[in-house]
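So the sequences go chain by chain: A and B. Note that the first sequence covers residues 16 to 655 in the working numbering. Note that the second sequence covers residues 3 to 201 in the working numbering. In this text, a Cβ means the ideal position worked out from N, Cα and C, and glycines have one as well.
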Amino acid sequence: MEFFYVGNHTWATMLGQNVRLQPVPIQSLSELERARLQEVALYHLEERELEFKISIPKETRKRRKSLRRRFDSFSKEKKERESAPKAFSIPLSQVIANDRAYKLQQDALKESRRDCLDLEASILRFRAEKRQFFNGNKALVGSASLTSGLSSPSANSVAPAPMLDAQSQSLSPTLQDNTSRGQRRGGLSVDSISDLVESQSRLLEALQLSHPAELELRKSAAEGRTQNKLSLNPIYRQVPRVLERCCSHIQTYGLQTVGIFRVGSSRKRVRQLREDFDRGVDVLLDEEHSVHDVAALLKEFLRDMPDPLLPRELYPAFLHANTLRDTDQLQYLQHLLYLLPPCNCDTLLRLLSLLSTVQSFAQDSIGTNEEEIPGNKMTAANLAVIFGPNLLQRERGGGGDVSPQALGMEDSTAIIGVTLMLIQNHKRLFMVSAELQQEVLMSLIQTDPDVIDYLLKRKLSGSHLTIDPDSGSEGRRDTGVSLDSLGLSSQSQSPLEPPSPLFPPDGRGGESSLSSEVFLNVLKLNQNRKARYGEVPPGKSIRHMRQFHSHHNLLSLSPSSPSSASFSRLHSQDSDSQDRRGVLGSFNLGGGRGSCSSLSSSSESSVWVRQTPQGESKPAPAANFWDFFTGKGSGSETVV
Amino acid sequence: MPEQSNDYRVVVFGAGGVGKSSLVLRFVKGTFRDTYIPTVEDTYTQVISCDKSVCTLQITDTTGSHQFPAMQRLSISKGHAFILVYSITSRQSIEELKPIYQQILAIKGSVESIPIMLVGNKSDETAQREVESKEGEAQATAWKCAFMETSAKTNFNVKELFQELLALEKKRDMSLSIDGKRWGKQKRTDKLKGKCSVM
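Next up, the structure:
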């Protein structure tokens, strides 16, 4: 199955299947797409030419106290080192890795217990029945525990169930599956990871948890290898267990508590909870726990992160959002959020959706039985006052500078303003528009053409998932993002990349030109990427770029065309593919057969483009009218 | 120790929602609003008489909801006098003052010469009372500070609270009125009998 781009954010297959890109939650993008989205977003942010530097934050930063810690561990007992906190005051990615390690440990335990179960079951000839239970029989818990005679078998015996049915549907996106299971189990993030993951993709999971340092390596490594390392599946939801438990506790018990998050808590009990989480204890929060304690614990977790949820290096960038208005502001914040490491992004979304729920209970209301339900009085503005300073902290100056300036007090109005925006718009902010997805795909074609099919296939099988009423396209269209690629590209003509005359308005409506603009953006983006990672000298990178033409514009291809890439005739791999192109007249990705081997400088990679004229049924005769672009690494012309 | 300057800085501490801002606003503006808005940090100034001259009384209303230790330390080291507010409707809120008191003690070294007032606010909400006056007094005795119950809502003991606090300052002779009229010590003690006890 191969996909062709047919314009208007729609990709089609030979079998007549269409994928029209829809706005999707960022969490549903694959790891590879998310990594590329970071770069696309960075590109758009750089287009704004702001006076401060914006960069993609690294997931972990060097621990400032590492020297002292090392010293401590020398001077103190060994157990001291083992008791290093597992949840608080450590980098977010580390918290998640700790959760993960704990989960794997528990899995191993379950595994062994399950073996016991199996053994006993076979002896008692209950195995067949047990299978039935696994497939959804209600009697599961009762009989499983009967069977096993173990003390706590119910949770353990459920575990194999997802394993059994998952293998058959490995290609289908597991997101929806995951959320429903997550809810069933109280939305515990790490627990739902195991549900999400089919047995065979454990490996992927391991990859996804690899250390950020590795991620950097990957990025700077040769482009050709990139796609092998970054996963093509969504990253599992990276929310620390402690935060997830706090959030679901407050959602269960605290929504009607006046002054939730504002009213104080017992320091002693909070410290106890904190120590439990730090020791790696599987703390279950229930009605025994005061919501104020849990709220304080949550705030403390956020406050004590070495780098706050919104990384310090983006502090000026986030505050800048206050000077923008309306859709521009939303779009700007969206792009900033796309820059965040996935764990920050996921955790932030979890937090914001909790805060949004809390504020929806702020006002007094009338219950179903005419009784008055007192509101919790915590409006979004109130929550922003309390959470703003926890989310946004400026870069710390050297030494123990504790002046109000160093603590960012004078920025508090701006901090609160941004936080308020985040709370009020969190649903929209974490969606990725079709336009940006298109840019990501276009960018991927440049480097990893062979993955496009897989990604689109996943979108195709997942497309029915995106039609849930909550995220219907109607609501999201009005973010104004749909105009961004056009608007940005028209104002973004840098001296380095003069306006391309390749796509004069041909009166055929915006669709084709839109995609062309997108494509040009992507070209520039990719050029930026290369320049940034320094793998290709700037002068050379232009030659690596492929140009994009449509046959309508073939005549307008002048020698003075902006990029130095020379154009060549279609180099067709085989007559078969040419036929197909003739029939379908679409954007053919040669990548599926590996003919488009990306950036290796000597290869002649060809991607054919044809912009299908809407309603104009001019059959495209032969290759004359086919447009293509080629990576002219060697400078030689490719001629049919 | 803060230097003797023309400012006299009073810092108001307490848990979230106990009425710090309400007390300060009642004193500074004479108003009370039944709103529920957390404070980041506000500072109000007022000219008062001091040692036969005038000086600026600076009242810093702090946040109760998220304590950043650094912020708190800064406020304490700059402050001359402290008001520790709890709500009589919440036992938890008086518990939360303990670490703040310890912090003041640690930074100032001793509280002997520092005016500190423990305040049980919301004294109008008798139906929800969780902390008896006696308990507040006992706590104040333990802390060697003054104690008072107030209600910002009904304007009960609010002005008295600030007057008494200034009177506790022995290094300067301060008064809220700037026309030189002093509140006689005798008279004040009579007036506040039963409501205020200076330990």
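Which residues in the same chain have their Cβ closer than 7 Å to the Cβ of residue i, if we skip the five residues on either side of it in sequence?
{"i": "K31 of chain B", "result": "none"}
{"i": "T33 of chain B", "result": "L27"}
{"i": "V466 of chain A", "result": "L47, Q242, L247 and L459"}
{"i": "S371 of chain A", "result": "I438 and H441"}
{"i": "Q53 of chain A", "result": "I71, Y353 and L354"}
{"i": "L57 of chain A", "result": "I69, I71 and L354"}
{"i": "G18 of chain B", "result": "P40, G66 and S67"}
{"i": "V42 of chain B", "result": "T65"}
Within a Cβ cutoff of 6 Å, which residues of the same chain sit near residue i, ignoring the five residues on either side of it in sequence?
{"i": "Y10 of chain B", "result": "C57, L59 and H82"}
{"i": "C147 of chain B", "result": "I118 and L120"}
{"i": "I431 of chain A", "result": "A399, V400 and G403"}
On the criterion of 16 or more Cβ atoms from any shown chain inside 10 Å, does residue i qualify as buried, or is it exposed?
{"i": "S125 of chain B", "result": "buried"}
{"i": "P389 of chain A", "result": "exposed"}
{"i": "P38 of chain A", "result": "buried"}
{"i": "C198 of chain B", "result": "The predicted model places C198 of chain B with a pLDDT of 48, which falls under 50 and marks its position as unreliable; any figure quoted below should be read in that light. By the neighbour-count rule (16 or more Cβ atoms within 10 Å), C198 of chain B is buried."}
{"i": "T267 of chain A", "result": "exposed"}
{"i": "N391 of chain A", "result": "buried"}
{"i": "L76 of chain B", "result": "buried"}
{"i": "E17 of chain A", "result": "buried"}
{"i": "V49 of chain B", "result": "exposed"}
{"i": "F67 of chain A", "result": "exposed"}
{"i": "L134 of chain A", "result": "exposed"}
{"i": "T338 of chain A", "result": "exposed"}
{"i": "R49 of chain A", "result": "buried"}
{"i": "P101 of chain B", "result": "exposed"}
{"i": "A123 of chain A", "result": "exposed"}
{"i": "S179 of chain B", "result": "exposed"}
{"i": "G111 of chain B", "result": "exposed"}
{"i": "T272 of chain A", "result": "buried"}
{"i": "A377 of chain A", "result": "buried"}
Measure the beta-carbon distance from residue i to residue j and round it to whole angstroms, keeping in mind my assumption that it falls under 8 Å.
{"i": "P40 of chain B", "j": "R277 of chain A", "result": "5 Å"}
{"i": "T62 of chain B", "j": "V14 of chain B", "result": "7 Å"}
{"i": "M660 of chain A", "j": "I275 of chain A", "result": "Any answer about residue 660 of chain A is impossible in this case: the structure gives chain A only from 16 up to 655."}
{"i": "I109 of chain B", "j": "I85 of chain B", "result": "That belief does not hold up - the Cβ atoms of I109 of chain B and I85 of chain B are roughly 16 Å apart, past 8 Å."}
{"i": "V254 of chain A", "j": "R365 of chain A", "result": "5 Å"}
{"i": "E321 of chain A", "j": "P106 of chain A", "result": "For the sequence presented, residue 321 of chain A should be read as Pro rather than Glu. Sure, about 6 Å apart at Cβ, within 8 Å."}
{"i": "K314 of chain A", "j": "V34 of chain A", "result": "Their Cβ separation, rounded to whole angstroms, is 43 Å, which puts K314 of chain A and V34 of chain A out of contact at 8 Å."}
Sorted by chain position, which residues of the same chain lie with C-beta nearer than 8 Å to residue i's C-beta, five sequence neighbours on each side aside?
{"i": "I381 of chain A", "result": "E387 and I388"}
{"i": "L298 of chain A", "result": "The question names Leu, yet the displayed sequence has Val at residue 298 of chain A. Excluding residues within five positions, the ones whose Cβ falls inside 8 Å are V257, R260, L288, D291 and F292."}
{"i": "V20 of chain B", "result": "G66, V87, Y88, S89, S92, S95, N123 and K124"}
{"i": "L325 of chain A", "result": "F333, L355, N359, L363, L406 and L407"}
{"i": "S8 of chain B", "result": "Looking at the sequence shown, residue 8 of chain B is not Ser but Asn. Same-chain partners within the cutoff: C57 and T58."}
Taking 6 Å as the cut-off, is the CB of residue i close to at least one heavy atom of the ligand MN?
{"i": "L44 of chain A", "result": "Among the components modelled here there is no ligand, and therefore nothing to report on the ligand MN."}
Output, in sequence order along the chain, the residues in the stretch 90 to 114 of chain B whose CB is closer than 7 Å to any CB in chain A.
Within the stretch 90 to 114 of chain B, those residues whose Cβ lies closer than 7 Å to any Cβ of chain A are, in chain order, Q94, S95, E97, E98 and P101.
Members of the stretch 36 to 67 of chain B that neighbour chain A once the beta carbon cut-off is set at 7 Å:
Residues Y38, I39, P40, V42, E43, G66 and S67.
Are there three or more Cβ pairs, one per stretch, closer than 8 Å when the stretch 115 to 123 of chain B is compared with the stretch 162 to 179 of chain B?
Touching, yes.
On the three-pair Cβ rule with 8 Å, is the stretch 431 to 438 of chain A touching the stretch 27 to 38 of chain A?
They do not touch, by the three-pair rule.
Answer yes if the stretch 442 to 450 of chain A comes into contact with the stretch 392 to 411 of chain A, meaning at least three C-beta pairs across the two stretches below 8 Å, and no otherwise.
No, the stretch 392 to 411 of chain A does not touch the stretch 442 to 450 of chain A.
With contact counted as at least three CB pairs below 8 Å, one residue from each stretch, are the stretch 280 to 293 of chain A and the stretch 326 to 340 of chain A in contact?
The stretch 280 to 293 of chain A is not in contact with the stretch 326 to 340 of chain A.
Measuring CB atoms only, is the stretch 127 to 135 of chain B touching the stretch 89 to 104 of chain B, in the sense that at least three cross pairs come out at less than 8 Å?
Counting Cβ pairs under 8 Å, three or more are found: they touch.
Three or more C-beta pairs closer than 8 Å, one from the stretch 132 to 149 of chain B and one from the stretch 93 to 108 of chain B: is that the case here?
They touch, by the three-pair rule.
Contact between the stretch 449 to 465 of chain A and the stretch 39 to 53 of chain A is defined here as three or more beta-carbon pairs at a separation below 8 Å; is this criterion met?
Contact between the stretch 449 to 465 of chain A and the stretch 39 to 53 of chain A is present, because at least three Cβ pairs lie under 8 Å.
Could you list the residues in the stretch 17 to 32 of chain B with a C-beta less than 9 Å from some C-beta on chain A, going in chain order?
For the stretch 17 to 32 of chain B, which is checked against every Cβ of chain A, the residues closer than 9 Å are A17, G18, G19 and V20.
Going along the chain, which residues of the stretch 260 to 282 of chain A sit with their C-beta nearer than 9 Å to a C-beta in chain B?
Those residues of the stretch 260 to 282 of chain A that come within reach of chain B (Cβ to Cβ, closer than 9 Å) are V273, G274, F276, R277, V278, G279, S280, S281 and R282.
Should the stretch 261 to 275 of chain A be regarded as contacting the stretch 303 to 311 of chain A, the criterion being three or more beta carbon pairs within less than 8 Å?
Yes, since at least three Cβ pairs between the stretch 261 to 275 of chain A and the stretch 303 to 311 of chain A fall closer than 8 Å, the two stretches touch.
Looking at chain B, which residues of the stretch 390 to 415 of chain A have a Cβ within less than 7 Å of any of its Cβ atoms?
Those would be K392, N397, V400, I401, P404 and N405, in chain order.
With 7 Å as the C-beta to C-beta threshold (strictly closer), list the residues of the stretch 356 to 386 of chain A near chain B in chain order.
Along the stretch 356 to 386 of chain A, none of the residues has a CB nearer than 7 Å to a CB of chain B.
May I ask you to list, following chain order, the residues of the stretch 76 to 89 of chain B that have a beta carbon less than 7 Å from some beta carbon of chain A?
Close to chain A, meaning a Cβ-Cβ distance shorter than 7 Å, are the following residues of the stretch 76 to 89 of chain B: L76.
Against chain B: residues of the stretch 37 to 70 of chain A by CB proximity under 7 Å
Those would be none; no residue qualifies.
Against chain A, which members of the stretch 140 to 173 of chain B pass a CB distance test of less than 9 Å?
Of all residues in the stretch 140 to 173 of chain B, none has a Cβ within less than 9 Å of some Cβ in chain A.
Chain-ordered residues of the stretch 120 to 137 of chain A with a beta carbon less than 8 Å from chain B
So nothing in the stretch comes that close.
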